[in-house]
Amino acid sequence: MEQLKPRWGQPLTGIISLAAFTLIALITWFIFSDPRGLVKSFPYPFVLYLAMMILVGLWQHMFLGDWPFQNLPQPMRGIVETVVNLIVVWFVIHVVFYRILGLGFNFLSQSNLDQLAAMGQAILPDGKAMSLDVMKEKDFAERAVVCFVLIGFYSYPFVTILFGKWPVRPSDLPQPQAGLAELGWTSLLTLFFYTVLIVPFWGLVFGKSLGTSFGLNFPWWEGIAGFNHVHWVFGWWEWAIIVLFMTPNVWRMKPWSLIPFPQPWKGLISFIINMILAYILALICINIAPIWLHEMLHHIDKDAERLRFLWYHSAEIAGFTLIPFLAWHHYFDDMAPGSNVDSWGAFGFRTVGVLVLCAANYIFFYYMGFGSWGLGNPHWDHKFLHGESLVWNFWWIIPLLWNEWFFHKWPFYEHSHH
106 MEQLKPRWGQ PLTGIISLAA FTLIALITWF IFSDPRGLVK SFPYPFVLYL
156 AMMILVGLWQ HMFLGDWPFQ NLPQPMRGIV ETVVNLIVVW FVIHVVFYRI
206 LGLGFNFLSQ SNLDQLAAMG QAILPDGKAM SLDVMKEKDF AERAVVCFVL
256 IGFYSYPFVT ILFGKWPVRP SDLPQPQAGL AELGWTSLLT LFFYTVLIVP
306 FWGLVFGKSL GTSFGLNFPW WEGIAGFNHV HWVFGWWEWA IIVLFMTPNV
356 WRMKPWSLIP FPQPWKGLIS FIINMILAYI LALICINIAP IWLHEMLHHI
406 DKDAERLRFL WYHSAEIAGF TLIPFLAWHH YFDDMAPGSN VDSWGAFGFR
456 TVGVLVLCAA NYIFFYYMGF GSWGLGNPHW DHKFLHGESL VWNFWWIIPL
506 LWNEWFFHKW PFYEHSHH
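Add 105 to a position in the sequence shown, counting from 1, and you land on the number used in the numbering used here.
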(Lines of atoms letter the chains of each structure in order from A and count residues from 1; the text may use other names and numbers.)
(Lines give C-alpha, C1' and ligand atoms only; values in the text may rest on other atoms or scores of the structure.)
Protein backbone atom coordinates (compact mmCIF):
# COMPACT_ATOMS: atom_id res chain seq x y z
CA MET A 1 0.00 0.00 0.00
CA GLU A 2 1.34 3.41 -1.01
CA GLN A 3 1.60 6.20 1.55
CA LEU A 4 2.35 9.86 1.01
CA LYS A 5 4.66 11.65 3.42
CA PRO A 6 5.21 15.45 3.42
CA ARG A 7 8.77 15.92 2.19
CA TRP A 8 9.70 18.63 4.71
CA GLY A 9 7.25 17.84 7.48
CA GLN A 10 4.34 20.10 8.44
CA PRO A 11 3.59 22.97 8.23
CA LEU A 12 6.67 23.62 6.04
CA THR A 13 5.52 21.32 3.21
CA GLY A 14 2.15 23.07 3.13
CA ILE A 15 3.73 26.53 3.10
CA ILE A 16 6.21 25.68 0.31
CA SER A 17 3.60 23.96 -1.87
CA LEU A 18 0.99 26.73 -1.44
CA ALA A 19 3.61 29.37 -2.28
CA ALA A 20 4.55 27.39 -5.41
CA PHE A 21 0.91 27.04 -6.55
CA THR A 22 0.27 30.75 -5.96
CA LEU A 23 3.35 31.72 -7.96
CA ILE A 24 2.37 29.41 -10.86
CA ALA A 25 -1.18 30.83 -10.79
CA LEU A 26 0.10 34.43 -10.82
CA ILE A 27 2.56 33.86 -13.66
CA THR A 28 0.03 32.05 -15.85
CA TRP A 29 -2.64 34.63 -14.95
CA PHE A 30 -0.30 37.39 -16.16
CA ILE A 31 0.38 35.53 -19.41
CA PHE A 32 -3.20 34.58 -20.32
CA SER A 33 -5.61 36.84 -18.41
CA ASP A 34 -4.09 40.06 -17.04
CA PRO A 35 -4.91 43.08 -19.28
CA ARG A 36 -1.31 44.18 -18.69
CA GLY A 37 0.04 40.82 -19.87
CA LEU A 38 0.44 38.99 -23.17
CA VAL A 39 -2.87 37.38 -24.21
CA LYS A 40 -5.20 39.73 -22.26
CA SER A 41 -8.22 37.37 -22.39
CA PHE A 42 -9.91 38.67 -19.21
CA PRO A 43 -12.57 37.75 -18.35
CA TYR A 44 -13.64 35.95 -21.55
CA PRO A 45 -12.73 33.53 -23.03
CA PHE A 46 -10.26 32.97 -20.16
CA VAL A 47 -12.96 32.02 -17.64
CA LEU A 48 -14.55 29.64 -20.18
CA TYR A 49 -11.35 27.65 -20.59
CA LEU A 50 -10.38 27.62 -16.91
CA ALA A 51 -13.86 26.41 -15.92
CA MET A 52 -13.85 23.62 -18.48
CA MET A 53 -10.29 22.63 -17.45
CA ILE A 54 -11.48 21.86 -13.92
CA LEU A 55 -14.53 19.94 -15.15
CA VAL A 56 -12.52 17.82 -17.61
CA GLY A 57 -9.84 17.28 -14.96
CA LEU A 58 -12.53 16.00 -12.63
CA TRP A 59 -13.65 13.51 -15.31
CA GLN A 60 -10.08 12.37 -15.82
CA HIS A 61 -9.22 11.87 -12.15
CA MET A 62 -12.45 11.28 -10.23
CA PHE A 63 -14.27 9.17 -12.82
CA LEU A 64 -11.56 7.46 -14.89
CA GLY A 65 -8.98 7.14 -12.11
CA ASP A 66 -6.33 8.73 -14.40
CA TRP A 67 -6.83 5.92 -16.95
CA PRO A 68 -4.92 5.09 -19.15
CA PHE A 69 -1.95 7.00 -17.71
CA GLN A 70 -2.17 5.81 -14.09
CA ASN A 71 1.01 3.69 -14.33
CA LEU A 72 3.26 6.33 -15.89
CA PRO A 73 6.07 7.59 -13.61
CA GLN A 74 5.96 11.14 -12.28
CA PRO A 75 6.28 13.83 -13.47
CA MET A 76 5.55 12.31 -16.92
CA ARG A 77 2.06 11.22 -15.87
CA GLY A 78 1.16 14.72 -14.74
CA ILE A 79 2.52 16.32 -17.89
CA VAL A 80 0.69 13.89 -20.19
CA GLU A 81 -2.60 14.28 -18.31
CA THR A 82 -2.29 18.07 -18.48
CA VAL A 83 -1.75 17.99 -22.26
CA VAL A 84 -4.68 15.59 -22.68
CA ASN A 85 -6.81 17.88 -20.48
CA LEU A 86 -6.15 20.90 -22.71
CA ILE A 87 -6.94 18.92 -25.89
CA VAL A 88 -10.21 17.57 -24.45
CA VAL A 89 -11.17 21.04 -23.18
CA TRP A 90 -10.80 22.50 -26.68
CA PHE A 91 -12.77 19.57 -28.14
CA VAL A 92 -15.62 19.83 -25.62
CA ILE A 93 -16.03 23.59 -26.13
CA HIS A 94 -15.47 23.96 -29.87
CA VAL A 95 -16.83 20.63 -31.10
CA VAL A 96 -19.27 19.17 -28.55
CA PHE A 97 -20.91 22.47 -27.51
CA TYR A 98 -20.41 24.77 -30.49
CA ARG A 99 -20.76 22.31 -33.38
CA ILE A 100 -22.72 19.31 -32.09
CA LEU A 101 -25.05 20.68 -29.42
CA GLY A 102 -25.01 23.89 -31.47
CA LEU A 103 -26.89 22.04 -34.20
CA GLY A 104 -29.92 22.25 -31.94
CA PHE A 105 -29.16 25.06 -29.47
CA ASN A 106 -27.79 28.35 -30.76
CA PHE A 107 -27.46 29.70 -27.22
CA LEU A 108 -24.76 27.04 -26.58
CA SER A 109 -22.76 27.87 -29.72
CA GLN A 110 -20.76 31.10 -29.87
CA SER A 111 -19.75 30.31 -33.47
CA ASN A 112 -23.44 30.02 -34.46
CA LEU A 113 -24.35 33.32 -32.77
CA ASP A 114 -21.37 35.08 -34.36
CA GLN A 115 -22.39 33.74 -37.78
CA LEU A 116 -25.98 34.94 -37.34
CA ALA A 117 -24.71 38.41 -36.36
CA ALA A 118 -22.29 38.50 -39.31
CA MET A 119 -25.17 37.68 -41.69
CA GLY A 120 -27.40 40.37 -40.14
CA GLN A 121 -29.86 37.76 -38.85
CA ALA A 122 -29.57 38.50 -35.11
CA ILE A 123 -32.60 40.82 -35.04
CA LEU A 124 -33.29 42.82 -31.89
CA PRO A 125 -36.77 43.85 -30.63
CA ASP A 126 -36.41 47.29 -32.23
CA GLY A 127 -36.01 45.62 -35.62
CA LYS A 128 -32.30 46.35 -35.93
CA ALA A 129 -29.66 43.66 -36.30
CA MET A 130 -27.05 43.10 -33.59
CA SER A 131 -23.58 43.73 -34.96
CA LEU A 132 -20.89 41.07 -34.87
CA ASP A 133 -18.74 43.26 -32.60
CA VAL A 134 -21.53 43.57 -30.02
CA MET A 135 -22.29 39.84 -30.23
CA LYS A 136 -18.65 38.98 -29.55
CA GLU A 137 -18.51 41.50 -26.73
CA LYS A 138 -21.54 39.93 -25.03
CA ASP A 139 -20.07 36.37 -25.04
CA PHE A 140 -23.60 34.94 -24.81
CA ALA A 141 -22.80 31.30 -25.62
CA GLU A 142 -19.50 31.36 -23.75
CA ARG A 143 -21.46 32.46 -20.67
CA ALA A 144 -24.07 29.75 -21.29
CA VAL A 145 -21.33 27.09 -21.39
CA VAL A 146 -19.79 28.53 -18.20
CA CYS A 147 -23.25 28.15 -16.62
CA PHE A 148 -23.15 24.47 -17.65
CA VAL A 149 -19.77 24.11 -15.96
CA LEU A 150 -21.07 25.85 -12.82
CA ILE A 151 -23.85 23.27 -12.57
CA GLY A 152 -21.36 20.51 -13.39
CA PHE A 153 -19.01 21.50 -10.56
CA TYR A 154 -21.70 20.07 -8.29
CA SER A 155 -23.66 17.58 -10.39
CA TYR A 156 -20.65 15.58 -11.57
CA PRO A 157 -18.76 15.03 -8.27
CA PHE A 158 -21.73 14.80 -5.87
CA VAL A 159 -22.44 11.22 -6.92
CA THR A 160 -18.87 10.28 -5.95
CA ILE A 161 -18.80 12.28 -2.71
CA LEU A 162 -22.31 11.81 -1.31
CA PHE A 163 -23.46 8.58 -2.99
CA GLY A 164 -20.12 6.73 -2.90
CA LYS A 165 -20.34 6.36 -6.71
CA TRP A 166 -23.67 4.50 -6.46
CA PRO A 167 -25.01 2.88 -8.70
CA VAL A 168 -21.74 2.32 -10.63
CA ARG A 169 -19.97 1.17 -7.45
CA PRO A 170 -19.70 -1.23 -5.74
CA SER A 171 -18.91 -3.39 -8.77
CA ASP A 172 -15.93 -5.03 -10.43
CA LEU A 173 -16.34 -2.88 -13.54
CA PRO A 174 -12.83 -2.00 -14.83
CA GLN A 175 -11.67 1.30 -16.31
CA PRO A 176 -12.62 2.93 -18.61
CA GLN A 177 -16.06 1.28 -18.46
CA ALA A 178 -16.65 2.38 -14.86
CA GLY A 179 -15.61 5.97 -15.55
CA LEU A 180 -17.66 6.23 -18.73
CA ALA A 181 -20.72 4.76 -16.96
CA GLU A 182 -20.37 7.37 -14.22
CA LEU A 183 -19.82 10.13 -16.77
CA GLY A 184 -23.02 9.13 -18.57
CA TRP A 185 -25.08 8.92 -15.36
CA THR A 186 -23.87 12.24 -13.98
CA SER A 187 -24.23 13.97 -17.38
CA LEU A 188 -27.91 13.00 -17.31
CA LEU A 189 -28.24 14.54 -13.83
CA THR A 190 -26.33 17.64 -15.01
CA LEU A 191 -28.77 18.00 -17.90
CA PHE A 192 -31.72 17.94 -15.48
CA PHE A 193 -30.20 20.59 -13.22
CA TYR A 194 -29.13 22.75 -16.18
CA THR A 195 -32.59 22.58 -17.78
CA VAL A 196 -34.35 23.62 -14.56
CA LEU A 197 -31.89 26.21 -13.23
CA ILE A 198 -30.09 27.72 -16.25
CA VAL A 199 -32.13 27.38 -19.45
CA PRO A 200 -34.97 29.68 -18.21
CA PHE A 201 -32.49 32.55 -17.92
CA TRP A 202 -31.46 32.12 -21.55
CA GLY A 203 -35.15 31.96 -22.39
CA LEU A 204 -35.36 35.44 -20.84
CA VAL A 205 -32.32 36.70 -22.79
CA PHE A 206 -33.28 35.35 -26.20
CA GLY A 207 -37.04 35.24 -25.76
CA LYS A 208 -37.61 38.69 -24.26
CA SER A 209 -34.48 40.85 -24.16
CA LEU A 210 -33.29 39.99 -27.68
CA GLY A 211 -36.45 38.81 -29.43
CA THR A 212 -39.54 36.65 -29.06
CA SER A 213 -39.64 32.90 -28.56
CA PHE A 214 -42.08 30.32 -27.26
CA GLY A 215 -39.37 27.66 -27.24
CA LEU A 216 -37.72 28.41 -23.90
CA ASN A 217 -39.38 29.21 -20.59
CA PHE A 218 -38.64 32.33 -18.50
CA PRO A 219 -37.10 32.22 -14.98
CA TRP A 220 -39.54 30.59 -12.58
CA TRP A 221 -37.64 31.85 -9.52
CA GLU A 222 -38.57 35.54 -9.89
CA GLY A 223 -41.38 35.16 -7.33
CA ILE A 224 -39.00 33.48 -4.88
CA ALA A 225 -35.90 35.63 -5.30
CA GLY A 226 -37.48 38.97 -6.23
CA PHE A 227 -35.51 39.18 -9.52
CA ASN A 228 -35.15 37.03 -12.63
CA HIS A 229 -31.40 36.93 -13.22
CA VAL A 230 -29.43 33.65 -13.15
CA HIS A 231 -27.28 35.10 -10.34
CA TRP A 232 -29.85 33.71 -7.88
CA VAL A 233 -28.69 30.27 -8.99
CA PHE A 234 -25.03 31.32 -8.78
CA GLY A 235 -25.34 32.56 -5.19
CA TRP A 236 -27.00 29.37 -3.99
CA TRP A 237 -25.21 26.84 -6.19
CA GLU A 238 -21.71 28.11 -5.42
CA TRP A 239 -22.33 27.54 -1.72
CA ALA A 240 -23.67 24.06 -2.54
CA ILE A 241 -20.33 23.36 -4.27
CA ILE A 242 -18.38 24.63 -1.26
CA VAL A 243 -20.37 22.50 1.21
CA LEU A 244 -19.99 19.49 -1.10
CA PHE A 245 -16.20 19.80 -1.34
CA MET A 246 -15.72 20.73 2.31
CA THR A 247 -17.20 17.27 3.02
CA PRO A 248 -14.28 15.08 1.82
CA ASN A 249 -11.70 17.79 2.50
CA VAL A 250 -11.45 19.52 5.90
CA TRP A 251 -14.68 17.90 7.20
CA ARG A 252 -13.36 14.39 6.41
CA MET A 253 -16.92 13.22 5.50
CA LYS A 254 -18.49 14.67 8.67
CA PRO A 255 -21.35 15.14 9.44
CA TRP A 256 -22.77 12.91 6.67
CA SER A 257 -20.89 9.94 8.16
CA LEU A 258 -23.50 9.96 10.96
CA ILE A 259 -26.29 8.99 8.52
CA PRO A 260 -26.86 5.24 9.13
CA PHE A 261 -28.73 4.33 5.94
CA PRO A 262 -27.36 2.45 2.91
CA GLN A 263 -27.00 4.04 -0.51
CA PRO A 264 -28.80 5.66 -2.26
CA TRP A 265 -30.73 6.85 0.83
CA LYS A 266 -27.63 8.16 2.57
CA GLY A 267 -26.68 10.15 -0.53
CA LEU A 268 -30.21 11.48 -1.02
CA ILE A 269 -30.48 12.71 2.58
CA SER A 270 -26.99 14.25 2.35
CA PHE A 271 -27.91 15.96 -0.92
CA ILE A 272 -31.10 17.51 0.52
CA ILE A 273 -29.28 18.75 3.65
CA ASN A 274 -26.42 20.04 1.46
CA MET A 275 -28.84 22.12 -0.63
CA ILE A 276 -30.72 23.50 2.38
CA LEU A 277 -27.46 24.40 4.16
CA ALA A 278 -26.13 26.07 0.99
CA TYR A 279 -29.28 28.19 0.68
CA ILE A 280 -29.03 29.23 4.34
CA LEU A 281 -25.36 30.23 3.86
CA ALA A 282 -26.29 32.24 0.76
CA LEU A 283 -29.07 34.01 2.70
CA ILE A 284 -26.65 34.82 5.52
CA CYS A 285 -24.26 36.38 2.99
CA ILE A 286 -26.89 38.54 1.29
CA ASN A 287 -28.09 39.76 4.70
CA ILE A 288 -24.69 40.59 6.18
CA ALA A 289 -22.94 41.95 3.06
CA PRO A 290 -24.89 45.26 3.17
CA ILE A 291 -23.19 45.97 6.55
CA TRP A 292 -19.92 46.76 4.78
CA LEU A 293 -21.28 47.45 1.28
CA HIS A 294 -24.04 49.90 2.23
CA GLU A 295 -22.32 52.89 0.60
CA MET A 296 -22.02 51.07 -2.71
CA LEU A 297 -25.56 49.71 -2.54
CA HIS A 298 -26.92 53.26 -2.30
CA HIS A 299 -25.87 53.75 -5.91
CA ILE A 300 -28.02 50.84 -7.15
CA ASP A 301 -31.47 52.30 -7.78
CA LYS A 302 -33.63 49.23 -8.38
CA ASP A 303 -34.43 46.72 -5.63
CA ALA A 304 -34.23 43.81 -8.09
CA GLU A 305 -30.78 44.89 -9.26
CA ARG A 306 -29.59 45.28 -5.66
CA LEU A 307 -30.81 41.74 -4.91
CA ARG A 308 -29.14 40.41 -8.06
CA PHE A 309 -25.85 41.91 -6.99
CA LEU A 310 -26.10 40.52 -3.44
CA TRP A 311 -26.87 36.99 -4.62
CA TYR A 312 -23.90 37.00 -6.96
CA HIS A 313 -21.72 38.51 -4.26
CA SER A 314 -22.74 35.57 -2.08
CA ALA A 315 -21.15 33.30 -4.70
CA GLU A 316 -18.02 35.46 -4.62
CA ILE A 317 -17.74 35.15 -0.84
CA ALA A 318 -18.06 31.37 -1.20
CA GLY A 319 -15.20 31.38 -3.71
CA PHE A 320 -12.79 32.82 -1.15
CA THR A 321 -13.03 29.55 0.84
CA LEU A 322 -11.64 27.42 -2.00
CA ILE A 323 -7.90 27.71 -1.47
CA PRO A 324 -8.18 27.63 2.37
CA PHE A 325 -10.00 24.30 2.57
CA LEU A 326 -8.27 22.62 -0.39
CA ALA A 327 -4.76 23.57 0.75
CA TRP A 328 -5.54 22.77 4.39
CA HIS A 329 -6.66 19.25 3.50
CA HIS A 330 -4.31 18.27 0.68
CA TYR A 331 -1.07 20.03 1.63
CA PHE A 332 -1.36 20.76 5.36
CA ASP A 333 -2.85 17.30 6.05
CA ASP A 334 -5.86 18.63 8.00
CA MET A 335 -3.65 19.91 10.82
CA ALA A 336 -5.53 20.78 14.02
CA PRO A 337 -4.76 20.96 17.75
CA GLY A 338 -4.66 17.52 19.36
CA SER A 339 -3.57 14.19 17.97
CA ASN A 340 -6.87 13.13 16.36
CA VAL A 341 -7.58 15.00 13.12
CA ASP A 342 -10.93 13.17 12.88
CA SER A 343 -12.30 14.46 16.19
CA TRP A 344 -15.27 16.81 16.34
CA GLY A 345 -13.00 19.40 17.93
CA ALA A 346 -10.69 19.26 14.90
CA PHE A 347 -13.78 19.45 12.64
CA GLY A 348 -14.91 22.64 14.39
CA PHE A 349 -11.43 24.15 14.43
CA ARG A 350 -10.94 23.69 10.68
CA THR A 351 -14.46 24.93 9.89
CA VAL A 352 -13.94 28.16 11.83
CA GLY A 353 -10.42 28.43 10.39
CA VAL A 354 -11.68 28.20 6.82
CA LEU A 355 -14.23 30.98 7.47
CA VAL A 356 -11.55 33.21 9.03
CA LEU A 357 -9.21 32.60 6.09
CA CYS A 358 -12.13 33.27 3.71
CA ALA A 359 -12.61 36.69 5.34
CA ALA A 360 -8.85 37.41 5.21
CA ASN A 361 -8.80 36.42 1.53
CA TYR A 362 -11.75 38.74 0.81
CA ILE A 363 -10.12 41.67 2.62
CA PHE A 364 -6.82 41.13 0.81
CA PHE A 365 -8.54 41.00 -2.59
CA TYR A 366 -10.97 43.91 -2.18
CA TYR A 367 -9.71 46.18 0.59
CA MET A 368 -5.97 45.76 0.11
CA GLY A 369 -6.47 46.01 -3.65
CA PHE A 370 -4.94 42.69 -4.78
CA GLY A 371 -7.52 42.44 -7.55
CA SER A 372 -6.13 45.70 -8.94
CA TRP A 373 -2.35 45.70 -8.43
CA GLY A 374 -2.01 41.92 -8.37
CA LEU A 375 -4.38 40.87 -11.14
CA GLY A 376 -4.86 44.05 -13.19
CA ASN A 377 -8.65 44.00 -12.95
CA PRO A 378 -9.73 46.70 -15.46
CA HIS A 379 -13.02 47.36 -13.64
CA TRP A 380 -11.53 48.34 -10.29
CA ASP A 381 -13.43 51.64 -10.13
CA HIS A 382 -16.57 49.50 -9.72
CA LYS A 383 -14.81 46.48 -8.25
CA PHE A 384 -17.70 44.97 -6.31
CA LEU A 385 -20.27 45.35 -9.07
CA HIS A 386 -18.38 43.27 -11.63
CA GLY A 387 -17.91 40.29 -9.32
CA GLU A 388 -14.74 38.99 -10.89
CA SER A 389 -12.95 37.57 -7.85
CA LEU A 390 -14.45 34.15 -8.66
CA VAL A 391 -12.35 34.03 -11.83
CA TRP A 392 -9.14 34.36 -9.81
CA ASN A 393 -10.22 32.00 -7.03
CA PHE A 394 -10.97 29.22 -9.51
CA TRP A 395 -7.74 29.88 -11.40
CA TRP A 396 -5.76 29.83 -8.15
CA ILE A 397 -6.92 26.29 -7.32
CA ILE A 398 -5.95 24.80 -10.70
CA PRO A 399 -2.20 24.35 -9.95
CA LEU A 400 -3.13 22.78 -6.59
CA LEU A 401 -5.72 20.43 -8.12
CA TRP A 402 -3.43 19.49 -11.02
CA ASN A 403 -0.63 18.66 -8.61
CA GLU A 404 -2.92 16.59 -6.41
CA TRP A 405 -4.89 14.90 -9.20
CA PHE A 406 -2.37 14.46 -12.01
CA PHE A 407 1.06 14.71 -10.34
CA HIS A 408 0.00 12.88 -7.15
CA LYS A 409 1.62 15.64 -5.03
CA TRP A 410 5.00 15.32 -6.75
CA PRO A 411 7.52 16.73 -5.72
CA PHE A 412 6.08 18.01 -2.42
CA TYR A 413 5.36 14.56 -0.99
CA GLU A 414 7.46 11.41 -0.83
CA HIS A 415 5.90 8.11 -1.86
CA SER A 416 6.53 5.05 0.24
CA HIS A 417 5.15 1.52 -0.12
CA HIS A 418 4.08 -0.66 2.80
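All residues carry an ideal CB built from backbone N, CA and C; glycine is no exception.
It should be emphasised that the depicted structure is a prediction, and the values quoted were computed from it without experimental measurement.
Using a C-beta cut-off of 8 Å, the segment 250-262 makes contact with the segment 288-299, since at least three inter-stretch Cβ pairs fall below that distance. Within 10 angstroms of the beta-carbon of Thr-300 lie fewer than 16 other beta-carbons, which makes it exposed.
Contiguous alpha helix (DSSP H) elements confined to the segment 314-401 occur at 327-330, 336-351, taking only those with 4 or more residues. Non-local beta-carbon contacts of Gly-450 in its own chain, meaning distances under 8 Å to residues more than five positions away in sequence, involve Ala-441, Pro-442, Gly-443 in chain order. Taking the Cα positions, Asn-333 is about 49 Å away from Gln-179. Residue nearest to Pro-116 within the set Tyr-471, Leu-398, Ser-477, His-434 is His-434 (criterion: CA-CA distance).
Bridge partners of Gln-108 according to DSSP: Ser-521. For Val-304, the closest C-alpha among the options His-484, Ile-256, Thr-265, Ala-383 is that of Ile-256.
Taking a contact to require three or more Cβ pairs closer than 8 Å, the segment 161-180 and the segment 503-516 qualify as touching.
In the structure shown, Ala-441 adopts coil according to DSSP, grouped into three states. The criterion of a C-beta distance shorter than 8 Å is not satisfied by Phe-151 and Leu-505. Here Gly-209 is exposed: its Cβ has fewer than 16 other Cβ atoms, across all protein chains shown, within 10 Å. The alpha-carbon separation between Ile-132 and Trp-478 amounts to approximately 14 Å. Shown here, Ile-468 sits in a helix according to DSSP, grouped into three states. The C-beta distance from Phe-339 to Ala-249 rounds to 13 Å, too long to fall under 8 Å, and the pair is not in contact. Here the alpha carbon of Asn-176 sits roughly 44 Å from the alpha carbon of His-491. Within the DSSP secondary-structure output, Ile-228 pairs in a beta bridge with Ala-234.
Annotated three-state conformation of Arg-141 is coil, per DSSP. Remark: three or more beta-carbon pairs, one from each stretch, lie closer than 8 Å, so the segment 380-396 and the segment 408-419 are flagged as touching. Rounded to the nearest angstrom, the Cβ distance from Asn-498 to Ile-391 is 19 Å, too far for a contact under 8 Å. Counting only the Cα atoms, Pro-365 lies some 45 Å from Trp-134. Counting other Cβ atoms within 10 Å of its Cβ, Lys-270 reaches 16 or more and is therefore classed as buried. Excluding residues up to 5 positions away in sequence, Leu-402, Leu-415 lie with their Cβ nearer than 8 Å to the Cβ of Pro-395 in the same chain.
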